[in-house]
Structures are given as C-alpha cells and as structure tokens.
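Here is the structure we will look at, set down as structure tokens.
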Amino acid sequence: MASYNYSYIFKYIIIGDMGVGKSCLLHQFTEKKFLPDCPHTIGVEFGTRIIEVNGQKIKLQIWDTAGQERFRAVTRSYYRGAAGALMVYDVTRRSTYNHLSSWLTDARNLTNPNTTIFLIGNKSDLESQRDVTYEEAKKFADDNGLTFLEASAKTGANVEESFIETAKTIFQNIQNGSLDLNAAESGVQQKTQPAPAVDLGDKPAANSGCGC
Amino acid sequence: MSDSQPNGNGSDETTPSPSIVSPQPVVADGADPLTHAVLAVPPPAAAAGTTSAPASRPISPAAPVSNGSAPAAAGRSRNAEFEALLEAPVIDIAKLRELSVGGIPETPGTRSLVWKLLLDFLPPDRERWPAVLAGRRALYSNFLDEVIVNPYAATATAQSDHPLNDNAESKWGEFFKDNEMLEQIDKDVRRTLTDISLFQSISHVPRPTSKTGTGITMESLCARVDRACLSTTHSEGGVKKKASTSYTPQAKSKPVALFQDDDDDDDASLFGGSSTSTPTKQKAAKTASADSAPFKNAVLAALIAPVDDPKTAQALDALDLSRSSALSSSTSSLSSSSTELSKSNTESDLMTRGAGHQEAHWEVVERILFVFAKLNPGIAYVQGMNEILGPLYYIFATDRSSEWADHCEADAFFCFTTIMAETRDNFIKHLDDTVAGIGGSMKQLMDLTLAIDPVLHAAMVKKNVQPTFFSFRWITLLFSQEFKLPDVFRLWDSIFAHKLRFGFVLFICAAMIVSVRSRLLAGEFADCIKLLQNYPPEIDIRTITTLAERLAIKWPQFRPQFI
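Quick mapping for you: the protein sequence lines, in order, are chains A and B.
Read left to right, the first sequence gives residues 1 to 212 (UniProt numbering).
Read left to right, the second sequence gives residues 1 to 563 (UniProt numbering).
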C-alpha cells in the first residue's frame with residue numbers, strides 16, 4: 001500500500017518535430033522498453049511513473065504530444081500547467097534541430113515562467129548518421145538556459161536521467177520557493193500524506209497500460 | 001430526461017443492484033449498470049421510424065454475442081440474405097445498409113464488395129459495373145500520370161528549368177515541396193498496421209506503368225524520398241534505422257534543407273562519410289554548374305538523375321539492401337510461413353526493384369496518399385490518414401478474387417476519397433474550433449454524455465477528463481487505433497452502412513464512454529485517461545455498436561444537422 005503513495009504530482013509535456021522519437025522516449029521511460037513500431041501520435045498520449053527524488057515519491061504525469069504541424073493548435077493546450085517540458089530533436093536530422101527555436105517560443109509563451117525546460121537530443125545511438133554535434137546543441141542549450149542531454153530511446157541511454165533531472169530541478173524550485181505550489185498552473189500538485197482513501201483507485205504505474 | 005436514468009443513477013455509486021443487471025452473462029467489464037439499463041430499454045422510438053436497425057437483426061442487447069459465437073443457423077440465413085441481396089441485378093442499397101449495420105459476413109469477398117457499394121464506389125445496377133469500374137480505374141491511372149509521372153518528366157527534360165530555379169513557376173520548386181510531403185507520408189506508411197504482415201509484403205500487382213509516356217514504369221515514391229533525402233544507409237546504423245519503423249529513414253536534410261544555411265559544413269563524403277552536411281544555397285548555386293566537391297555534385301545528381309548515375313545507383317542499391325533487411329526483420333517475427341514469404345519477397349524485391357515493377361503494399365498505400373494529397377491541396381496529407389486508408393486497403397487487397405484485388409489501389413483510392421470527403425473537417429486545422437471541426441465534435445460528445453449520464457459527465461468534468469485527451473484520436477481515426485483490426489472492420493461496417501453514416505461516430509464514442517462507466521467513476525484522473533487511451537479489449541464490439549444504436553435512437557438531437 002505504502003508504495004502507491006506519493007507526495008507530489010509533476011506534470012510534464014514532451015514536444016518536438018514529428019519522428020524525433022517523443023513517444024519512444026516516453027515508452028522507454030515508463031515501460032523500460034524500446035518500441036520499434038511506435039505509431040505516430042494523434043493528439044496526445046499519456047503515461048505515468050512514480051520516481052523518487054530526495055526521498056520524496058513523485059508521480060510524473062507525462063503528456064506526449066503529436067509533432068505534426070497540423071496538431072499544434074491542439075497540443076498547445078497541453079502546455080498550460082506543465083511543470084516540466086522535454087523538448088526533443090533528432091541528432092540525425094538537422095531540420096528537427098533547426099525547428100527548436102519555434103518549439104522553445106511555444107514552450108516559453110504557453111507555460112509559466114518557472115517551467116523547467118529540458119533539451120533532449122534523441123537517437124544518440126545512431127552516431128554514424130549524426131547531423132548535429134553535441135557541442136552545437138550544448139551551446140544552444142546554454143544560450144537559452146536549458147539543461148541538455150543526448151539520449152537514446154532505443155538503448156535507454158540517458159532517458160531516465162532526462163526525466164529525473166527535470167524532476168530534481170522542479171523539486172529544487174519548490175524547495176527554494178521559486179515555484180509557488182499554490183499558483184493555479186504550477187504543474188505540481190502536493191498530495192497530503194499519508195495518501196488518503198481517495199487514492200485507492202490509483203494503480204501503480206507498472207500495472208497500467210502503455211501510454212505509447 | 002431519460003427514462004432509464006433513474007434506474008441507472010440511483011445505484012451507480014454503490015454495488016450495482018442485481019435487479020438491474022441482466023441475469024444473462026455479460027462481457028466482463030462492460031457490466032456497468034447504466035449500460036444495461038440503457039440497453040434494456042425497449043426502443044419505443046424505433047417505432048417512430050428513426051432507426052435503421054432491422055427488426056430481424058439477431059442481436060440480443062442484454063447478451064451481446066461475439067462475432068464467432070452466433071448460432072450457426074442464424075449466421076447461415078444471414079449470409080444467405082446477403083448473398084441473395086448481392087446477386088440481384090439491381091442491388092437494394094437501402095436493404096443492404098439495414099443488413100450491414102449489424103455487421104457484414106466474414107465470407108470471402110463480401111465485405112470488400114459491400115464496402116464498395118456502401119461507399120458509393122459501385123452503383124447498385126450490376127450491369128453498369130464494368131463500365132463504371134473501367135472508367136474510374138482509367139481515371140486513377142490518369143491521376144497517377146498527372147501527379148507522379150508528368151511533373152517528374154517535366155523536371156527531367158525542361159531545359160530552361162533547373163533544380164536551383166527559385167522562380168515560383170519552377171517545376172522543381174513544386175517537386176521539392178512534394179518531396180517534403182512525401183517524406184512525411186513515407187515515415188507514416190512504413191508504420192501503418194505493422195502488426196499485419198500484408199503491408200510489409202510484396203504486392204503481386206506490378207507498379208503501374210505510365211499511360212501517356214512510352215509505357216515506362218512509374219518511379220517508386222519511396223525511392224524518390226530516399227534519393228531526395230540522401231540518407232547514409234549502408235552503415236550498420238543505417239540498416240537498423242530502416243529496420244525499426246520508429247526510427248524510420250530520415251532525411252539527413254530535407255530537400256529544402258539543402259538550401260538552408262548551415263555553419264557546420266564539412267567535406268564528408270556523400271554516401272560513406274560519418275556525417276552529412278547541408279550546403280548553403282549560395283554554395284550549391286555556385287557548384288551547380290562548375291566543378292566542385294564531388295559531394296555537392298552528387299547531391300544534385302541524386303536529385304536529378306533517376307538511376308543512371310552509377311554513384312546514385314550504388315546508393316540506391318544500398319538503400320534497397322537495407323530496406324530488404326527491414327522487410328525480412330520486420331516480418332520474420334510473425335510466423336514461419338510469413339518469414340518464408342518475406343524471404344522470397346526480399347529476393348524478388350532485390351531482383352525486381354531495379355526493374356521497378358514490384359513493390360511492397362505499403363508503397364502502394366504511400367502512392368494513394370500522395371495522389372490524394374496532390375489532388376486535394378486544401379487538406380493535403382495529415383498524419384492519421386494512413387490509419388484510415390490502411391484497413392480499407394487491407395480489405396480490398398486481400399479480396400480472394402484477383403479481379404478485385406488486382407485493382408485494389410484505384411478502388412481504395414476512390415473509397416478513401418469518399419470517406420475523406422465526409423470526414424475531412426476533422427483534419428482541417430482552421431475548422432478545429434468550429435461546429436464542423438474536431439473541436440465541435442468533441443464538444444458534442446461531452447454534451448451527449450451529459451444528456452445520457454449527468455453523474456458520469458460530472459465526474460469526468462471534476463477529474464478534468466477532457467474529450468481532447470482521448471476522443472481526438474477516436475474521432476479522427478475512426479477508431480482504427482482503438483480496437484483490433486477485425487473489430488475495426490466490424491465497427492466500420494456499422495458506420496458505412498448507418499443512416500447517420502459518420503454522424504454515428506459520435507454515438508459510438510458515447511457508447512464507449514458509458515461502457516466503462518464504473519471504472520471512470522472509480523478511477524483517478526490518470527487511470528481514466530489511460531483507460532480511455534487504451535480501451536479495454538475485453539469489451540465486446542457488439543456491446544458498443546448495439547448501445548450506440550440505442551443512443552442514436554434515443555438522442556436524435558445529437559445527430560449531425562447536415563444529414
């Protein structure tokens with residue numbers, strides 16, 4: 001029972017061009033598996049996982065959005081109230097990197113100022129096809145105040161780290177007071193402890209369906 | 001409001017009263033009291049002539065019967081009814097619709113034929129079929145020439161035009177733009193219904209030949225994408241990339257990106273280098289006519305020359321090789337027979353690809369989507385269209401009669417066009433927030449849910465379970481990602497045949513929501529979203545269609561205005 005308890009819910013969104021592997025990252029994080037035949041996302045998909053940061057159990061509610069331009073109007077509504085935004089490009093496709101500034105503009109405009117934005121260069125396993133260097137992306141991240149990691153949804157490299165580092169930053173922001181939990185769209189919900197009976201309907205993330 | 005409401009709502013929060021639940025065995029989790037209350041209501045409105053369900057429909061609402069377990073005798077007589085209807089010189093379409101709402105028999109070829117009738121591809125008068133079919137198929141063939149062959153021929157021959165011509169009238173400009181769209185389609189078709197081996201296997205129908213030209217075989221669109229994208233594919237990573245559809249072949253850079261500024265230019269060799277870079281427009285322009293780095297010339301050569309240039313040909317061979325591995329690896333897991341099939345396919349693929357005659361089914365799907373997109377520039381291509389075309393194409397391509405199967409491409413194109421003509425508002429972004437668009441449909445769905453079940457509606461609102469979170473995909477893809485393929489077919493039988501046609505979709509959505517009522521009431525936000533995004537497979541599709549039919553009768557005010 002106790003293992004179902006968590007102190008916080010953090011809301012995340014995953015954004016970026018179509019085909020960069022957003023759904024695969026989510027699936028790798030929630031199911032610890034690579035899904036090679038992941039269909040494109042229409043609208044949004046949803047996944048959860050409970051993680052631990054500084055001894056606190058945190059439930060991540062992750063929205064994986066469709067990348068195609070047609071769905072932008074729909075997916076924009078998911079930015080609101082996100083505590084963390086994972087912005088993904090594909091290291092083997094420069095065009096997906098070139099579009100980051102447009103994704104970043106959306107993320108900055110549509111989330112609250114304290115939203116933690118994390119940049120992920122996915123498909124780092126495809127070294128031979130690399131089209132964007134680490135250094136170049138790192139500079140972009142530094143210039144824009146983003147945390148950055150290259151990751152691979154396929155091998156799992158840095159996937160955990162990306163999601164958990166984001167949570168750590170959010171948690172820090174809560175601790176130091178820069179993220180106001182009472183604000184309407186902080187993207188964080190604090191659960192009263194211990195988890196009350198209302199939470200009985202909640203299942204552990206491991207048992208729930210794939211959000212991919 | 002509803003006569004069933006008091007029953008359902010009175011006891012819904014607690015253990016369902018046994019007196020409400022039907023004593024008959026019901027599907028595991030569909031056993032929500034309200035579902036059965038709704039189902040159990042005798043349909044008095046039906047008498048008012050608002051239903052299209054025939055009185056003889058062998059559906060027992062309280063005890064949904066799965067497709068396979070219907071009494072054999074009833075099944076036979078039903079099949080006989082279909083047979084008799086379809087054999088008539090002039091087919092009674094109204095009667096056919098009535099019958100089909102309850103599901104089209106699984107007898108070979110029946111669904112393929114009935115869908116063509118329901119989607120107005122075939123006229124009811126059988127005598128007219130040969131002429132209509134010949135006309136439409138010839139028309140499709142013209143479309144292919146118009147959309148694929150001719151623009152390409154124009155780019156290849158026009159002296160005054162060249163790839164770097166930035167004049168708006170340049171055929172090359174359009175060609176590059178098309179390639180961008182093709183790249184999107186290409187990514188998606190490779191992951192269409194990947195659990196079905198058909199799409200990865202080779203079509204026995206040869207790639208169409210151009211009619212207007214000198215009988216030349218049409219170019220392969222995916223080869224065009226590959227050529228335009230200049231992937232480095234010979235490496236291990238490249239093969240892997242092809243093999244896994246989520247890491248579908250990517251452009252190193254889109255054709256257009258070739259002309260974007262890039263400060264990271266280096267001298268990587270085109271097909272063998274560890275990295276590829278994109279020349280700037282200026283650089284490319286400079287190198288277009290003059291001698292320059294082999295890389296840049298090769299870029300142009302690959303774009304211009306089909307397969308003549310040995311370097312390009314070499315690269316294309318590498319592509320083919322990697323695609324073939326993708327073919328065999330993606331199909332090998334299915335079954336031993338399909339592994340053999342894919343092996344032989346792979347060989348024949350390798351042998352014939354050069355000749356350009358054979359192709360995988362997904363390549364056919366790709367061509368249909370491209371032709372549709374070019375002929376309908378207002379919608380062009382939107383992700384998800386492949387999910388609608390996929391099941392349709394599957395039914396037509398697997399028709400046991402080769403007379404039909406051989407023409408599945410053209411036939412599927414027209415039927416797909418009909419479906420899109422009736423549902424395209426869902427795909428058009430600027431209609432999103434209008435009554436006609438997807439936003440309007442989703443609002444309607446919540447209003448209907450409120451009418452059917454205020455308690456459930458209130459719970460969903462309270463938990464912030466918004467329709468965009470789940471029904472966006474339900475509605476735009478016509479449930480093709482929500483159910484197993486046979487159930488999708490069954491559901492589409494009802495939709496295509498229904499009087500409300502795609503207006504029936506709304507009632508199916510509502511039926512799906514109501515069918516998981518107790519879990520929606522009990523679950524937290526996350527549970528509800530996961531439940532609706534991963535619809536429980538144990539709920540029988542017949543339960544849903546039957547309930548949807550009842551809801552459509554009961555709530556006529558939610559029928560689409562335009563019907």
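Just so it is clear, CB atoms sit at the ideal spot from N, CA and C, and this is done for glycine as well.
Euclidean distance between Cα positions of residue i and residue j
{"i": "TRP474 of chain B", "j": "SER162 of chain A", "result": "31 Å"}
{"i": "PHE396 of chain B", "j": "ASN5 of chain A", "result": "51 Å"}
{"i": "LEU520 of chain B", "j": "ASP487 of chain B", "result": "23 Å"}
{"i": "MET446 of chain B", "j": "MET420 of chain B", "result": "24 Å"}
{"i": "VAL101 of chain B", "j": "SER480 of chain B", "result": "18 Å"}
{"i": "ALA85 of chain A", "j": "LEU144 of chain B", "result": "43 Å"}
{"i": "ASP37 of chain A", "j": "ASP92 of chain B", "result": "43 Å"}
{"i": "GLN28 of chain A", "j": "ARG49 of chain A", "result": "11 Å"}
{"i": "GLU403 of chain B", "j": "ILE58 of chain A", "result": "60 Å"}
{"i": "GLN557 of chain B", "j": "ILE452 of chain B", "result": "12 Å"}
{"i": "GLY503 of chain B", "j": "ASP142 of chain A", "result": "51 Å"}
{"i": "ILE185 of chain B", "j": "ASN179 of chain B", "result": "10 Å"}
{"i": "HIS498 of chain B", "j": "VAL505 of chain B", "result": "10 Å"}
{"i": "LEU96 of chain B", "j": "THR107 of chain B", "result": "16 Å"}
{"i": "ALA131 of chain B", "j": "ALA138 of chain B", "result": "11 Å"}
{"i": "LEU133 of chain B", "j": "MET512 of chain B", "result": "38 Å"}
{"i": "ARG76 of chain A", "j": "ARG108 of chain A", "result": "11 Å"}
{"i": "ALA413 of chain B", "j": "ILE438 of chain B", "result": "Here residue 413 of chain B is Phe; the residue named in the question, Ala, does not match the sequence. The alpha-carbon atoms of PHE413 of chain B and ILE438 of chain B are separated by roughly 23 Å."}
is_contact[residue i, chain D] using C-beta, thresh 8 Å
{"i": "GLY384 of chain B", "result": "Going by chain labels, chain D is absent from the structure shown, which instead holds the protein chains A and B."}
beta-carbon residue i near the ligand MG non-hydrogen atom, thresh 7 Å
{"i": "GLU31 of chain A", "result": "The model depicted lacks the ligand MG and carries no ligand whatsoever."}
Partners in chain A for residue i, counting only beta-carbon separations shorter than 8 Å
{"i": "GLN200 of chain B", "result": "Chain A residues near GLN200 of chain B: none, gap ~11 Å exceeds 8 Å."}
{"i": "ASP432 of chain B", "result": "ALA73, VAL74"}
{"i": "ARG191 of chain B", "result": "ASP37, CYS38, PRO39, HIS40"}
Among the options, nearest to residue i - alpha-carbon criterion
{"i": "GLN444 of chain B", "options": "B:ARG542, B:PHE507, B:PHE414", "result": "B:PHE507"}
{"i": "PHE71 of chain A", "options": "A:ASP17, A:ASN114, A:ALA151, A:SER7", "result": "A:ASP17"}
{"i": "THR105 of chain A", "options": "A:SER128, A:ASN144, A:LYS138", "result": "A:ASN144"}
{"i": "ASP406 of chain B", "options": "B:ILE104, B:PRO208, B:GLU174", "result": "B:PRO208"}
{"i": "PRO560 of chain B", "options": "B:SER203, B:GLU538, B:LEU500", "result": "B:LEU500"}
{"i": "PHE34 of chain A", "options": "A:ALA141, A:HIS40, A:LEU26", "result": "A:LEU26"}
{"i": "PRO113 of chain A", "options": "A:THR48, A:ASN173, A:ILE164, A:SER23", "result": "A:ASN173"}
{"i": "THR30 of chain A", "options": "A:GLY47, A:TYR12, A:THR41", "result": "A:GLY47"}
{"i": "GLU69 of chain A", "options": "A:HIS99, A:LYS123, A:VAL53", "result": "A:HIS99"}
{"i": "GLY523 of chain B", "options": "B:ALA459, B:HIS204, B:ALA74", "result": "B:ALA459"}
{"i": "THR115 of chain A", "options": "A:ASN122, A:PHE171, A:LYS138", "result": "A:PHE171"}
{"i": "SER203 of chain B", "options": "B:LYS463, B:ASP493, B:ILE541, B:GLU363", "result": "B:GLU363"}
Where residue i meets chain B, residues with beta-carbon distance less than 8 Å
{"i": "LEU66 of chain A", "result": "The question names Leu, yet the displayed sequence has Ala at residue 66 of chain A. Ordered by position in chain B, the residues that pass the 8 Å Cβ test against ALA66 of chain A are GLN383."}
{"i": "ARG70 of chain A", "result": "VAL382, GLN383, PHE427, LYS429"}
Beta carbon of residue i nearer than 8 Å to that of residue j
{"i": "GLN358 of chain B", "j": "ALA66 of chain A", "result": "no"}
{"i": "LEU369 of chain B", "j": "LEU392 of chain B", "result": "no"}
{"i": "GLY21 of chain A", "j": "VAL91 of chain A", "result": "no"}
{"i": "GLN61 of chain A", "j": "ILE9 of chain A", "result": "yes"}
{"i": "ASP64 of chain A", "j": "ILE120 of chain A", "result": "no"}
{"i": "THR147 of chain A", "j": "THR111 of chain A", "result": "no"}
{"i": "THR43 of chain A", "j": "PHE472 of chain B", "result": "The sequence shown places Gly at residue 43 of chain A, not Thr. Closer than 8 Å, so yes."}
{"i": "VAL74 of chain A", "j": "THR468 of chain B", "result": "yes"}
{"i": "LEU118 of chain B", "j": "PHE489 of chain B", "result": "no"}
{"i": "VAL225 of chain B", "j": "GLU174 of chain B", "result": "no"}
{"i": "PHE525 of chain B", "j": "VAL455 of chain B", "result": "no"}
{"i": "TYR97 of chain A", "j": "VAL132 of chain A", "result": "yes"}
{"i": "ASP411 of chain B", "j": "PHE121 of chain B", "result": "yes"}
{"i": "GLY187 of chain A", "j": "GLY19 of chain A", "result": "no"}
Neighbouring residues, chain A, relative to residue i (Cβ below 9 Å)
{"i": "THR468 of chain B", "result": "GLY43, VAL44, VAL74, SER77, TYR78"}
{"i": "GLN481 of chain B", "result": "PRO39, ILE42"}
{"i": "THR476 of chain B", "result": "ILE42, GLY43"}
Listed by chain order, chain B residues near residue i by CB distance under 7 Å
{"i": "GLN61 of chain A", "result": "ALA526"}
Contacts that residue i makes with chain A (C-beta to C-beta distance below 7 Å)
{"i": "PHE472 of chain B", "result": "ILE42, GLY43, VAL74"}
{"i": "ASP188 of chain B", "result": "HIS40"}
{"i": "ARG424 of chain B", "result": "Ordered by position in chain A, no residue passes the 7 Å Cβ test against ARG424 of chain B, which lies about 12 Å from the chain."}
| field | Members of the segment 30–53 of chain A near chain B, C-beta cut-off 7 Å | value | Within the segment 30–53 of chain A, the qualifying residues are LEU35, PRO36, ASP37, CYS38, PRO39, HIS40, ILE42, GLY43, VAL44, GLU45, PHE46, THR48.
| Residues within the segment 6–28 of chain A neighbouring chain B, beta-carbon criterion of under 8 Å | Against chain B - using a Cβ distance shorter than 8 Å - the residues of the segment 6–28 of chain A are MET18, GLY19, GLY21, SER23, CYS24.
| Residues of the segment 386–401 of chain B with Cβ closer than 7 Å to any Cβ of chain A, in chain order | The segment 386–401 of chain B vs chain A, Cβ under 7 Å: nothing.
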